[in-house]
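This report concerns only the one structure given below.
Number of protein chains: 2
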Amino acid sequence: MKLYGAPMPAPNPRRVRIFLAEKGIALEETPVDLMSRAHKSPEHLARNALGQVPTLELDDGTTISETVSICRYFEALHPTPPLFGSSPVEQALTDMWIRRTEFVLMQPVGMYWRHAHPRTARLLKQYTDFGHSNVERYGEAQAWFDRQLADRPFLAGETYSMADICALSTVDFATWIGLPLDPKHTHLAAWHARVTARPSAAA
Amino acid sequence: MKLYGAPMPAPNPRRVRIFLAEKGIALEETPVDLMSRAHKSPEHLARNALGQVPTLELDDGTTISETVSICRYFEALHPTPPLFGSSPVEQALTDMWIRRTEFVLMQPVGMYWRHAHPRTARLLKQYTDFGHSNVERYGEAQAWFDRQLADRPFLAGETYSMADICALSTVDFATWIGLPLDPKHTHLAAWHARVTARPSAAA
């Protein structure tokens, strides 16, 4: 199989790399050059009709896109250690925290990036008033996640999971585009230090 | 267990109802009155800290929120018929289509609803220029889904899945808020007729 991705700071390919590092799976990434827009080339669009990375190409030619879906596929092939939960309840709660990370934490970061950041201004029609409003929303999201993390080490409970991988890469990408974590959120800061200390975070 | 939800046109509770109907699981919904904002009451916030429906409360008091996560829980307890795919590849591709439905099709509908629709204007600070821009994005999303559906009956392939449930409720909610399907997208229209003809669509 072949994993198409891109280096830091692209947050989605990094998620897959962290996931593989946690699983102990060695799989080299085939880089797709985002700067020259190779992800929008006919060759890559044939693999992923949305022109995004990461995409996983299996030996029979089947292509799986979407970060979390690719990781689910590896989870099914390599169940240990579980990163999507073990029991049905754990699996549901891990999925819930992946989704909350995406809808609550990641969406304002993505909308700020698309609609307010100078780097995307050349590529997209921006609605900058809306874009900048997401700074406040991301602040609220941080506060909400901080409260949720008051009583446990990881998002889905006692165990590190895919939800932590999604949140870590979101927070680090946000810092890179100028939206750092507010240090007053001490539970969130402690969580960030905890997940960053894992060797996988270097991926 | 207790399933907290809300009647039509709320799209997320409907997804769970359609899923349960497809599974043949009888579980009465406990309504949370959105008009009186009962979903933001301390009682409901204790079940779901985001103040949303649906939420599933298990007999031991554990609460699972997020539509797709709730459905995954039922899938684990009642695997037949599979609505999240059977093999690892099918499961990954079904998950991919759920995510594409949410990011590509649902996001512009949700952003139009939040930022341009008169019904939400009283409740939220709106960025109406941005909100209205999502009409065009939803049109592009319809065109993209139409092309994807040219060669198969359902989003994830030959079999009806959770991805179809997510897309059906998105499209029907969009119609309700004034964003109908464009009939020129004939593959999408045929898909919509196909999934609407299933008895579960009445849920």
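Protein chains in written order, with the working numbering: chain A, -17 to 185; chain B, -17 to 185. Backbone N, C-alpha and C fix where the C-beta goes; we use that ideal spot for every residue, glycine too. The structure displayed is predicted, hence computed values, not measured ones.
Could you compute how far the alpha carbon of residue 205(B) sits from the alpha carbon of residue 1(B)?
The structure shown does not extend to residue 205(B), since chain B spans only -17 to 185, so no value can be given for it.
To the nearest angstrom, how far is the alpha carbon of residue 138(A) from that of residue 37(A)?
Distance between the alpha carbons of residue 138(A) and residue 37(A): 26 Å.
Do residue 148(A) and residue 80(A) count as a contact pair if the criterion is CB distance below 7 Å?
In this structure, residue 148(A) lies closer than 7 Å to residue 80(A) by Cβ.
Verify the CB distance criterion: does residue -12(B) have a CB-CB separation below 7 Å to chain A?
So, not an interface residue.
Would you call the segment 162 to 180 of chain B and the segment 106 to 120 of chain B touching, i.e. three or more CB-CB distances under 8 Å?
No, they do not touch.
Taking its Cβ as the centre, do 16 or more other Cβ atoms sit within 10 Å of residue 150(A), making it buried, or is it exposed?
Buried is the call here.
Is residue 59(A) buried or exposed, if buried means 16 or more other CB atoms sit within 10 Å of its CB?
Exposed: under 16 other Cβ atoms inside 10 Å.
Please compile the residues from chain A whose C-beta is within a distance smaller than 7 Å of the C-beta of residue 109(B).
Within 7 Å Cβ-Cβ: 109, 111, 112, 115.
Looking at the C-beta of residue 55(B), does it have a partner C-beta in chain A at a distance below 7 Å?
Yes, residue 55(B) lies at the interface with chain A (some Cβ there is under 7 Å from its Cβ).
Would you give the residue range spanned by the beta strand (DSSP E) that residue -15(B) belongs to?
Its beta strand (DSSP E) spans residues -16 to -13.
Verify whether the separation of the beta carbon atoms of residue 131(A) and residue 158(A) is less than 7 Å.
In this structure, residue 158(A) does not lie closer than 7 Å to residue 131(A) by Cβ.
Starting from the N-terminal side, write out each stretch of the alpha helix (DSSP H) that is 4 residues or longer and does not extend beyond the segment 106 to 148 of chain B.
Whole alpha helix (DSSP H) segments, 4+ residues: 110 to 130.
Can you give me the Cβ contacts of residue 95(A) inside the same chain, cut-off strictly under 7 Å, excluding the 5 residues immediately before and after it?
Here the set comprises 102, 159.
Would you say residue 14(A) and residue 35(A) are within 7 Å of each other, going by their C-beta atoms?
Yes. Within cutoff.
Is it buried or exposed, residue 28(B), if we count other Cβ atoms within 10 angstroms and call 16 or more buried?
Classification of residue 28(B): exposed, given that the 10 Å Cβ count is below 16.
Where do the N-terminal and C-terminal ends of the beta strand (DSSP E) with residue 45(B) fall, by residue?
45 to 47 is the span of the beta strand (DSSP E), which, as asked, contains residue 45(B).
Examine chain B for any beta-carbon lying closer than 7 Å to the beta-carbon of residue 81(A), and answer yes or no.
Yes, contact with chain B.
Between the Cα of residue 12(A) and the Cα atoms of 76(A), 92(A), -15(A), which residue gives the shortest distance?
Ranking the options by Cα distance to residue 12(A), first place goes to -15(A).
Rounded C-beta distance between residue 87(B) and residue 56(B)? I'm assuming under 8 Å.
Between residue 56(B) and residue 87(B) the Cβ distance is about 23 Å, and since that is not below 8 Å, they are no contact.
In angstroms with no decimal places, state the Cα-to-Cα distance between residue 184(B) and residue 177(B).
Each residue's alpha carbon lies about 11 Å from the other.
Which residue wins for smallest C-alpha separation from residue 162(A), given the options 135(A), 123(A), 133(A), 143(A)?
The candidate whose alpha carbon is nearest that of residue 162(A) is 123(A).
Taking Cβ-Cβ distances shorter than 9 Å, what residues in chain A pair up with residue 135(B)?
Within 9 Å Cβ-Cβ: nothing; residue 135(B) doesn't reach chain A, min ~18 Å.
If you check the beta carbons only, do residue 83(A) and residue 145(A) fall under 7 Å apart?
The answer is yes: Cβ separation under 7 Å.
DSSP state of residue -7(B), grouped into three classes?
Helix.
Who are the Cβ neighbours of residue 45(A) in its own chain at under 8 Å, not counting the five residues just before and after it?
Excluding positions up to five away in sequence, the list reads 29, 30, 37, 38, 39.
Please list, in chain order, all residues of the same chain as residue 22(A) whose beta carbon is under 7 Å from its beta carbon, the five residues on each side excluded.
Once the five neighbours on either side are set aside, the close Cβ partners of residue 22(A) are 33.
With a threshold of 7 Å between beta carbons, is residue 58(A) in contact with chain B?
Yes, residue 58(A) lies at the interface with chain B (some Cβ there is under 7 Å from its Cβ).
Helix, strand or coil for residue 13(A) per DSSP?
Strand at residue 13(A).
Note down the Cα distance separating residue 114(B) from residue 26(B), rounded to an integer number of angstroms.
Rounded to the nearest angstrom, the two C-alpha atoms are 32 Å apart.
Tell me the rounded alpha-carbon separation between residue 143(B) and residue 75(A).
Cα to Cα, the separation comes out at about 21 Å.
Starting from residue 62(A), follow its DSSP beta bridges and name the residues at the other end.
BP columns for residue 62(A) are empty, so no partner.
From the DSSP secondary-structure annotation, give me the bridge partner or partners of residue 57(B).
Looking at the DSSP assignment, residue 57(B) forms no beta bridge with any residue, so it has no partner.
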